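*Asks:*
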Amino acid sequence: MLRPRCAASPPGSPVCPSRKRSRLVQAATVDGRLADTQGQDGSPGASASTNQQAPVNCRVMEGENPRSETLAALGGHANGLTKTGAGGLGSSKPGAAKKLVIKNFKDTPKLPESYPTDTWHNLQEAVRAIQMSTSIRYNLEDLYQAVENLCSYKISATLYKQLRQVCEEHIRAQIDQFAGDTMDSLLFLKHIDQCWQDHCRQMIMIRSIFLFLDRTYVLQNSMLPSIWDMGLELFRLHVLGERQVRLRTLDGLLLLIQHERSGDSVPRSLLRSLLSMLADLQIYHECFEQRFLEETTRLYAAEGQRRMQECEVPEYLHHVNRRLEEESDRIITYLDQSTQKPLIATVEKQLLGEHLTAILQKGLNQLLDENRIEELSLLYQLFSRVKGGLQTLLHHWSEYIKVFGTTIVVNPEKDRTMVQELLDFKDKVDHVVEICFQRSDRFVIAMKEACETFINKRLNKPAELIAKYVDTKLKAGNKEATDEELERLLDKIMIIFRFIHGKDVFEAFYKKDLAKRLLVGKSASVDAEKSMLSKLKHECGGAFTSKLEGMFKDMELSKDIMIHFKQYVQNQSEPCSIELTVNILTMGYWPTYTPMEVHLPSEMVKLQEVFKTFYLGKHSGRKLQWQPSLGHCVLRAEFPEERKELQVSLFQTLVLLMFNEGDDFSLDEVRTATGIGYLKKLWTDSDATWWTRVCDKEELIQFW
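Taking my numbering, the leading residue of the sequence shown gets 6, the next gets one more, and so forth.
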């Protein structure tokens, strides 16, 4: 702070009779401290004195002498700087250290009677010059010193009261310019803002002059407002305290904000200044914020109802998001930060909270059907801002999955494409949860529960079709996917597999199809087969896959047996013209097949006996049971133009071999010659070609 100086007075004012300042003497120590220019109570203190008489050791360098007039100026006071005698110094030799003692002043000089009045007159003149925006005749430093002088002589209370009175008179005089209704709203606000800006500028200047008063007397009296707060109090009381002025100000502010919300351009700097004024005057909340929030509620309540009727859901969501961004920008630009929470909550409630169910009923299915990722993300983001929003969205999300999935599962016409549609639908909802719903655990769990619900509405059929779908993907000749793509597909199938309750049904159909792939050699990849088996084991346990694993073991053992059998045949005296491959199957592992006796050619019967002799010779006590329904053959057919190899079932082989003996056979003749119990003639209207199917009770084997 500025160091008080009693000697400085405004021009034309009486000189303060307080003590003169001596030239600064460098003191080494004053009772361990240098005295402050201001006492602990905030009042000015002596510049180089203490409450106790304490010696100050000053070392005067040789060749230097303190100015005699400096000491003489203070020598008339008993508590000033005094020069001790030679005995006190302990030595009178030239260059020896001299000792000075600082003593307190005992008496304070009295002010002339006219000094306070004359000084206040000059200060008042300066204050009014500031208020009228005219030049000040006095130096500001001199004015500051005059205030300090008055405060030093306990005239602070009177000075504060006089200053308040001058400020109040000026502020009262400003009311007249706001009287009447001739000004439009915007012009009125500009006048209020200009009045406020002038007031702030004036109070800053006034406070700088009366700073000593503000930091001493006012600071020590907790019941008194600071000079700045006093100015705010007077402005609040006499300007905005006028009901008409206050109402026109608030109405004008709300009208400007309404115009901006309607898309018009408004002077935001004016709004920012006036709202900051209300906050500084501490009437922002009681006068402005309450009315502002009420107007906001009315505006967005009506807008929400109207927009919900006029707009589609995607458009409405973007509108709500835009409104929230606009209100957030208003908070940053000119509203008080304390308004942020209630304002945003009001907008969310009126545009979202009141229409949660209506929004979802009107547009959620459309957004999901059309895979509108952007709007779904926005929907989740907006609903997460409203109490109960996510729970409502979660319920409708679950219902959508159930309804859509049920249409896939229960319709028999979609059996051929059911599994692929389920996979596609699962990919779709997974993507929505991942991208739009931020991988929320609640939405993931709801999705799984919904999938489990709809996929089991049709008993056993989904399990059967999933098994057959896996069969088509694992068959040899499937060129649709690479090994990596096939592996990913199997993972997706396993996800759907987890939802089905009829896992035993799946196991039965999967085992039957696996048997065909293994026996006919039509597996696309042994690695893929074992990978699928591993996934099933991990999902259902070892008991579920034990028989399936046994089937693979049988195939491996059969390969070893056939190696030894070929060596056995080569050592026979009569070579065989037919190459025979036999798979030894453990009945407990493989599907159950209906025994059937068919009429085999003599060459096949003979070869069967050779293998039987070989096998039982190595494994006595075992029993072999042939299953002709599982057999398949490769036939060489001689056609006029070329030779063909036909890979057909054993039943088809028996029928085709009959045509080596003739060209035409009746159905009864074929049935009698082959011993196949069930033959059906099928006629196709498209090309008039007839097909014969040879079947047992479980399956048909097609040939032509």
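Built from N, CA and C at the ideal position, the CB exists for glycine as well.
It should be emphasised that the depicted structure is a prediction, and the values quoted were computed from it without experimental measurement.
Please go through the same chain and pick out, in chain order, the residues whose beta-carbon is closer than 6 Å to the beta-carbon of Cys456, but skip the five residues on each side of it.
*Replies:* Around Cys456: Phe504.
*Asks:* Which term fits Ile378, buried or exposed, when burial requires 16 or more other beta carbons within 10 angstroms of its beta carbon?
*Replies:* By the 10 Å Cβ count, Ile378 comes out exposed.
*Asks:* Within the continuous alpha helix (DSSP H) that includes Glu554, where are the two ends?
*Replies:* Run containing Glu554: 547–575, per the alpha helix (DSSP H) assignment.
*Asks:* When the distance is taken between beta carbons, is Val271 closer than 8 Å to Ile211?
*Replies:* Going by C-beta atoms, Ile211 is not nearer than 8 Å to Val271.
*Asks:* Are the CB atoms of Ala468 and Gly507 within a distance shorter than 8 Å?
*Replies:* Yes, these two residues count as a Cβ contact at 8 Å.
*Asks:* Helix, strand or coil: which one does DSSP assign to Lys717?
*Replies:* This structure gives no information on residue 717, because the portion of the chain shown stretches from 6 to 709.
*Asks:* What does the alpha-carbon distance come out to for the pair Leu562 and Gly636?
*Replies:* Distance between the alpha carbons of Leu562 and Gly636: 18 Å.
*Asks:* By DSSP's criteria, Lys649 is part of a beta bridge. Which residues make up the other side?
*Replies:* BP columns for Lys649 point to Ala642.
*Asks:* Going by the beta-carbon positions, is the gap between Lys431 and Lys497 smaller than 8 Å?
*Replies:* Contact flag set, yes.
*Asks:* For a test of the three-state rule: what should DSSP assign to Lys540, helix, strand or coil?
*Replies:* It is helical.
*Asks:* Going by alpha carbons, who is nearest to Cys292 out of Arg241, Gln425, Arg311?
*Replies:* If we check each option's Cα against that of Cys292, Arg241 comes out closest.
*Asks:* Taking Tyr405 as the reference, give the member of Asp341, Leu283, Val437 with the closest Cα.
*Replies:* Among Asp341, Leu283, Val437, the Cα nearest to that of Tyr405 belongs to Val437.
*Asks:* If the criterion is Cβ atoms closer than 8 Å, does the pair Leu612 and Cys581 meet it?
*Replies:* For Leu612 and Cys581, yes; Cβs fall inside 8 Å.
*Asks:* Rounded to the nearest angstrom, how far is the Cβ of Ser281 from that of Leu218, given a contact under 8 Å?
*Replies:* Not a contact, Cβ separation roughly 27 Å.
*Asks:* Can you tell me the Cβ-Cβ gap for Glu294 and Thr344, rounded? I've got them flagged as a contact below 8 Å.
*Replies:* So it is a contact: roughly 6 Å between Cβ atoms.
*Asks:* Can you give the beta carbon distance from Thr254 to Cys156, rounded, assuming they're within the 8 Å contact cut?
*Replies:* Incorrect: roughly 38 Å between the Cβ atoms, too far for contact.
*Asks:* Assign Gln310 to one of two classes, buried (16 or more other C-beta atoms within 10 Å of its C-beta) or exposed (fewer than that).
*Replies:* Burial call: exposed.
*Asks:* Skipping 5 residues on each side, what residues in its chain have a beta carbon closer than 6 Å to that of Phe644?
*Replies:* Excluding residues within five positions, none has a Cβ falling inside 6 Å.
*Asks:* On the DSSP bridge assignment, give the partners of His637 in chain order.
*Replies:* DSSP, once it has assigned bridges, lists Ser654 as partnering His637.
*Asks:* Can you give the Cα-Cα distance for Asp198 and His175, rounded to whole angstroms?
*Replies:* The straight-line gap from Cα to Cα measures roughly 17 Å.
*Asks:* Distance check for Ala178 and Arg277, CA to CA, integer angstroms please.
*Replies:* Computed Cα separation, rounded: 26 Å.
*Asks:* Considering only the beta carbon of each residue, do Leu357 and Gly394 sit closer than 8 Å?
*Replies:* A contact, by the Cβ cut-off of 8 Å.
*Asks:* Do the stretch 309–328 and the stretch 224–241 make contact, defined as three or more Cβ pairs closer than 8 Å?
*Replies:* No: fewer than three Cβ pairs fall under 8 Å.
*Asks:* In three-state DSSP terms, what is Glu704?
*Replies:* At Glu704, the pLDDT of 39 sits below 50, so the modelled position is not reliable; the number obtained from the coordinates is stated separately. Looking at Glu704 - three-state DSSP - the assignment turns out to be coil, as it is neither helix nor strand.
*Asks:* Compare the Cα-Cα distances from Gln355 to each of Phe388, His323, Ala307 and report the closest residue.
*Replies:* It is Ala307.
*Asks:* Taking only runs that begin and end inside the stretch 332–362, name each unbroken alpha helix (DSSP H) of 4 or more residues, in chain order.
*Replies:* Within the stretch 332–362, the complete alpha helix (DSSP H) runs of at least 4 residues are 345–356.
*Asks:* With DSSP run on the structure shown, which of helix, strand or coil describes Lys462?
*Replies:* Note: Lys462 maps to coil in three-state DSSP.
*Asks:* Are the CB atoms of Asp559 and Leu585 nearer to each other than 8 Å?
*Replies:* Taking 8 Å as the Cβ cut-off, Asp559 and Leu585 do not qualify as a contacting pair.
*Asks:* Are the CB atoms of Val414 and Phe459 nearer to each other than 8 Å?
*Replies:* Their beta carbons are under 8 Å apart, which means Val414 touches Phe459 by this criterion.
*Asks:* Which of helix, strand or coil does DSSP assign to Glu299?
*Replies:* Note: Glu299 maps to helix in three-state DSSP.
*Asks:* I'd like to confirm the pairing. Which residues does DSSP put opposite Ser528 in its beta bridges?
*Replies:* Paired residue(s): Lys480.
*Asks:* Within this structure, are the beta carbons of Leu322 and Glu332 separated by less than 8 Å?
*Replies:* Not in contact: Leu322 and Glu332 (Cβ atoms no closer than 8 Å).
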